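Novice: Following this message is one structure expressed as structure tokens.
Chains as they are written, first to last, in my numbering: chain C, 1 to 447; chain U, 1001 to 1447.
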């Protein structure tokens, strides 16, 4: 009977499965073999005796739920966390973020930043992230080492595709990036990320989408983050951003549009018809005063919407629990309707909904037999989580990243009892602190 | 030299003093004798040898800041945390909250709820709170036991003052409550709390204000939480809420108006002229879809505004760090201006600003010689708090209640290294869980 032995058994606790039937199993268990969930059910005494596992995690007093899916990040920007806040957008970008990026972004900074960001994410319950930045190769490598599931979007913008030879060089490098990561590590999925319609010419947008389509990968793009993007694109191309992208044939079911704060009803119809996915980043858009995406309307239209934190320069953390709380609250107050974005809907967005956005809902986003074992345990035996009437309410409105006790990705325990097992947090902090010292020094020299 | 010995010494760490000059002292120290701060300064090696203390706390790697001031709570409502969310306001109140209050609110429930709420607050860095509820005597007693600084507002509403004899009985009981707590415990300050202009008749509002004025205590009142309050009061009394209260002479520098989501510019002028204080509760007002208070305009008018969490049925936590983060972000996005409500302003609101609202800024709200020692230590050596460029940004946008390492109130260490020293959290949770079982049972019987 040795072949029936489980690799990992989560025993006890309340299972928030996030399955199609939204089943909640009190005193449940999850059996894991290799990278997958092979058994899920009630933890009955009689059966328990026959269950054997190499490792057992006692989840008594915990909620057991799917790991959270962060659908939009720029991980290395943890290096700029709190560097420049409360500024007008243009001043923030042109005087602070872009100069810092020009001067300090390199392979090593991206790797070090990603490692610290992953420590933060694993500690706060995120098991999958979708990133877009430069030197994405380093992020993929960091994710491989940390054991996180990741969509890594190699960044494109006109400033790196200045002339035909630069275009060919960039596309060739991107193609090599794809080849490397399509087969190298099962948890890493490469993608392409065009920064935005206002920083990418039609030629860039089309060229990258064609390459993405050929490879069958996701195409990420910032869209309608700010109110004035509409005017900029209108002035430049004679049509609004969504019709512009539609004309360029870059909108399809493998396109993830990020932000969409100023998406009009007719745009939503296009998204619904074409299966375009949306990443909603409310905290970043609040802090930058960009706007509030019409998410309740998007969901009514049947558009798949996930939640993202965005980068740490505009949030300033990667805590998906905080982001869920804000997602629920911001739409209630802007619509003056407390019934929109109920806790269950928001929990879906952060798990199975995020998985849908990334085209991974067949693999992750719920605790079900056959799915990959991306699971987190929440320690509910705490004053701020007492009493417990409704699990979804508690997860969205009261639980914080700091309440995550254990994080499992692809069947592997990555954090146990708040101890990181694949990343040395002290080294990760030290490395980023070194970069920060250089950034501060540079700032002091300039001022 | 024994009389020069400090009772408590906080040594090392970065002091965020929140003094008038907003001084930040890197590697500082705070000397405490009895309940007060007697020394503050840089922690120089030469002086350090001569400094003697009965107890020393090493704050290396920490931010040391004044304890947070939560200007509006209903502590016992922790018992209803997550009981009924995402509902229309009237359904929420009439079908869930009010029936639960009618059935379950009693002295013991108030005491048990307050104790759990205080555990949550101390753990997350709040050292002073201002509460309004019924059986406030029990809250005062719980605060005395827990060692928290508190303004305890005995609640008034017409439903408990139905006829002249009930009025006299209620006022006499309130007077005894005052007498008891004005002298009994140095950390407890009694106050009166009229629920709102729509639940209190002009006679009630005036009678309670006169008694409060005579005793020299604060007068708390919910005001303009919802949009329709204006119409209700207009229809009933022929004038809008603020002119209505002005006519009744209840608006002065000892009145704290809570919420004020629909305060008009002319109302703000009244508040500024009369010194009326405001408690801003953004998360509760977002979750209930009540509205967003025009706080940037209030601050421009010179009105003292503090931050509050409101009760746990409408938030659903008492974490002032989360509330600070939301306070900064919500006003940026609603005004589409990222420069409003900068992190420093928000830190002030949660400390010295809150103290001003409660008329306690001569005692608390900053780390300065002569003030009471209400101090918290934040453990900054964590992935989500790395790197550290700007202390205010980090406190508002990245720090969470869970990062509070040590809490000191009135010179006494109340939590050390996340261990509560005056409250048994397990017992507090057990007691509230017992109440919750009864509430669930009652709900099941009704449905």
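By construction, the Cβ of each residue, glycine as well, lies at the ideal position given by its N, Cα and C atoms. Nothing here was measured: the structure is a model prediction, and the numbers come from that model.
1. For residue 1386(U) and residue 432(C), what's the separation of their Cα atoms in angstroms?
2. Distance check for residue 395(C) and residue 1170(U), CA to CA, integer angstroms please.
3. Taking only the alpha-carbon atoms, compute the straight-line gap between residue 1378(U) and residue 1166(U) and give it to the nearest angstrom.
4. For a cutoff of 8 Å on Cβ pairs, would you count residue 113(C) as touching chain U?
5. Within 10 Å of its beta-carbon, does residue 228(C) have 16 or more other beta-carbons around it, so buried, or fewer, so exposed?
6. Out of 1398(U), 1125(U), 1336(U), 1133(U), which one is the CA nearest neighbour of residue 1160(U)?
7. In chain U, what lies closer than 9 Å to residue 74(C) by C-beta?
8. With 8 Å as the threshold, decide whether the Cβ of residue 1088(U) is near any Cβ in chain C.
9. Please check if any C-beta of chain U sits within less than 8 Å of the C-beta of residue 384(C).
10. Could you check which residue in 185(C), 164(C), 147(C), 178(C) has the C-alpha nearest to that of residue 154(C)?
11. Distance cutoff 8 Å, beta carbons only. Does residue 436(C) sit that close to anything in chain U?
12. What does the Cβ neighbour count give for residue 400(C), buried or exposed, with the cut at 16 atoms within 10 Å?
13. Could you pull out every unbroken alpha helix (DSSP H) segment of at least 4 residues lying fully inside the segment 212–248 of chain C, listed in chain order?
14. Indicate whether at least one CB of chain C lies closer than 8 Å to the CB of residue 1390(U).
15. Given residue 1062(U), which residues of its chain have a CB within under 7 Å of its CB, disregarding the five upstream and five downstream residues?
16. Report yes if the CB atom of residue 1423(U) is closer than 8 Å to the CB atom of residue 1119(U), and no otherwise.
17. Taking buried to mean at least 16 other C-beta atoms within 10 Å of its own C-beta, is residue 302(C) buried or exposed?
18. Quick check on the DSSP output: the beta strand (DSSP E) that includes residue 1126(U) runs from which residue to which?
19. Against chain U, does residue 133(C) count as a neighbour if the rule is that its beta carbon must be under 8 Å from one of theirs?
20. Is residue 258(C) helix, strand or coil when you go by DSSP?
21. Residue 1372(U) by DSSP, collapsed to three states: which one?
22. State buried or exposed for residue 356(C), treating a residue as buried only when at least 16 other CB atoms are found within 10 Å of its CB.
23. With a threshold of 16 other CB atoms inside 10 Å of the CB of residue 348(C), please say whether the residue is buried or exposed.
24. If you reduce the DSSP assignment to three classes, tell me which class residue 1208(U) lands in.
25. Suppose the cutoff is 7 Å on Cβ atoms and the five residues either side in sequence are ignored; what does the same chain contact list for residue 1415(U) look like?
26. Would you mind working out which of 1336(U), 1090(U), 1258(U), 1426(U) sits nearest residue 1070(U), comparing C-alpha positions?
27. Between residue 1346(U) and residue 1324(U), what straight-line distance do the alpha-carbon atoms span, to the nearest angstrom?
28. Buried or exposed for residue 10(C), going by 16 or more other Cβ atoms inside 10 Å?
29. Just the chain C side, please: which residues come within less than 8 Å of residue 1330(U) by C-beta, in chain order?
30. What number of angstroms, rounded off, separates the C-alpha of residue 436(C) from the C-alpha of residue 77(C)?
31. Per DSSP, what kind of secondary structure is residue 1404(U) in: helix, strand or coil?
32. Using the Cα positions of residue 1320(U) and residue 1283(U), report the straight-line distance between them to the nearest angstrom.
33. Please determine whether the Cβ atom of residue 317(C) lies at a distance below 7 Å from any heavy atom of the ligand GTP.
34. Against chain U, with Cβ distances strictly below 8 Å, would residue 105(C) count as a contact?
35. Please give me, in chain order, every unbroken run of the beta strand (DSSP E) with length at least 3 that falls completely inside the segment 1010–1049 of chain U.
36. Run down chain C in chain order and give the residues with a C-beta less than 7 Å from the C-beta of residue 1123(U).
Specialist: Reading off the structure:
1. What you label residue 1386(U) is simply residue 386 of the second chain in a count that begins at 1. What you label residue 432(C) is simply residue 432 of the first chain in a count that begins at 1. Rounded to whole angstroms, residue 1386(U) to residue 432(C) spans 7 Å at the Cα level.
2. Counted from its first residue, the second chain places residue 1170(U) at position 170. Counted from its first residue, the first chain places residue 395(C) at position 395. Cα to Cα, residue 1170(U) sits roughly 40 Å from residue 395(C).
3. Translated into positions along the second chain, residue 1378(U) becomes position 378. Translated into positions along the second chain, residue 1166(U) becomes position 166. When rounded, the distance between both Cα atoms is 48 Å.
4. For the purposes of this step, residue 113(C) is taken as residue 113 along the first chain, with counting starting at 1. Cβ-Cβ to chain U under 8 Å: no for residue 113(C).
5. For the purposes of this step, residue 228(C) is identified with residue 228 of the first chain, where counting begins at 1. Answer is exposed; the Cβ neighbour count stays below 16.
6. Numbered from 1 along the second chain, position 160 holds the residue referred to as residue 1160(U). Residue 1133(U) is the option with its Cα nearest to residue 1160(U).
7. Counting from one through the first chain, the residue named residue 74(C) turns up at place 74. Within 9 Å Cβ-Cβ: nothing; residue 74(C) doesn't reach chain U, min ~16 Å.
8. For the purposes of this step, residue 1088(U) is identified with residue 88 of the second chain, where counting begins at 1. Residue 1088(U) counts as touching chain C.
9. As a first step, residue 384(C) must be located in the first chain, where it is residue number 384. For residue 384(C), at least one C-beta of chain U is nearer than 8 Å to its own C-beta.
10. The residue labelled residue 154(C) in the question sits at position 154 within the first chain. The shortest C-alpha separation from residue 154(C) is found at 178(C).
11. Working through the first chain from its first residue, we reach residue 436(C) at position 436. Using a Cβ-Cβ cut-off of 8 Å, residue 436(C) counts as an interface residue toward chain U, since at least one Cβ of chain U sits closer than that to its own.
12. Sequence index remark: in the first chain, residue 400(C) carries index 400 (1-based). Looking at its Cβ environment, which holds 16 or more other Cβ atoms inside 10 Å, residue 400(C) is buried.
13. 229–237, 241–247
14. Position 390 of the second chain, counted from the first residue, corresponds to residue 1390(U). Residue 1390(U) counts as touching chain C.
15. As a working mapping, residue 1062(U) is identified with position 62 in the second chain. The residues are 1013, 1377, 1378, 1379, 1380, 1405.
16. Stepping through the second chain from its first residue, residue 1423(U) is reached at position 423. Stepping through the second chain from its first residue, residue 1119(U) is reached at position 119. With a cutoff of 8 Å on beta-carbon distance, residue 1423(U) and residue 1119(U) are scored as near each other.
17. Within the first chain, numbered from 1, the residue matching residue 302(C) stands at position 302. Residue 302(C) is exposed by the Cβ-count criterion.
18. Here the question's residue 1126(U) lines up with position 126 in the second chain. Here the beta strand (DSSP E) through residue 1126(U) covers 1126–1133.
19. Numbered from its first residue, the first chain carries residue 133(C) at position 133. So, not an interface residue.
20. Within the first chain, numbered from 1, the residue matching residue 258(C) stands at position 258. Note: residue 258(C) maps to strand in three-state DSSP.
21. What you label residue 1372(U) is simply residue 372 of the second chain in a count that begins at 1. Looking at residue 1372(U) - three-state DSSP - the assignment turns out to be strand.
22. Within the first chain, numbered from 1, the residue matching residue 356(C) stands at position 356. With 16 or more other Cβ atoms within 10 Å, it is buried.
23. Within the first chain, the letter at position 348 stands for residue 348(C). The residue in question, residue 348(C), is buried, as its Cβ has 16 or more Cβ neighbours within 10 Å.
24. Residue 1208(U) sits at position 208 when you count from the first residue of the second chain. Helix.
25. In the second chain, residue 1415(U) corresponds to position 415, counting from 1. Excluding residues within five positions, the ones whose Cβ falls inside 7 Å are 1122, 1123, 1406, 1407, 1421.
26. Sequence index remark: in the second chain, residue 1070(U) carries index 70 (1-based). For residue 1070(U), the nearest C-alpha among the options comes from 1258(U).
27. Looking up residue 1346(U) in the second chain gives position 346. Looking up residue 1324(U) in the second chain gives position 324. In a straight line, the C-alpha of residue 1346(U) is about 6 Å away from that of residue 1324(U).
28. In the first chain, the residue the question calls residue 10(C) occupies position 10. Label assigned to residue 10(C): buried.
29. As a working mapping, residue 1330(U) is identified with position 330 in the second chain. By Cβ distance, chain C contributes 286, 330, 333.
30. The residue labelled residue 436(C) in the question sits at position 436 within the first chain. The residue labelled residue 77(C) in the question sits at position 77 within the first chain. Taking the straight line from one Cα to the other gives about 11 Å.
31. Residue 1404(U) sits at position 404 when you count from the first residue of the second chain. Reduced to three states, the DSSP call for residue 1404(U) is strand.
32. Start at 1 with the first residue of the second chain, and residue 1320(U) comes out as number 320. Start at 1 with the first residue of the second chain, and residue 1283(U) comes out as number 283. Between residue 1320(U) and residue 1283(U), the C-alpha separation is close to 10 Å.
33. You won't find the ligand GTP in this model; it holds no ligand whatsoever.
34. Start at 1 with the first residue of the first chain, and residue 105(C) comes out as number 105. No, residue 105(C) lies away from the interface with chain U (no Cβ there is under 8 Å from its Cβ).
35. 1014–1016, 1028–1033, 1036–1042
36. Numbered from 1 along the second chain, position 123 holds the residue referred to as residue 1123(U). Residues of chain C passing the Cβ test: 383.
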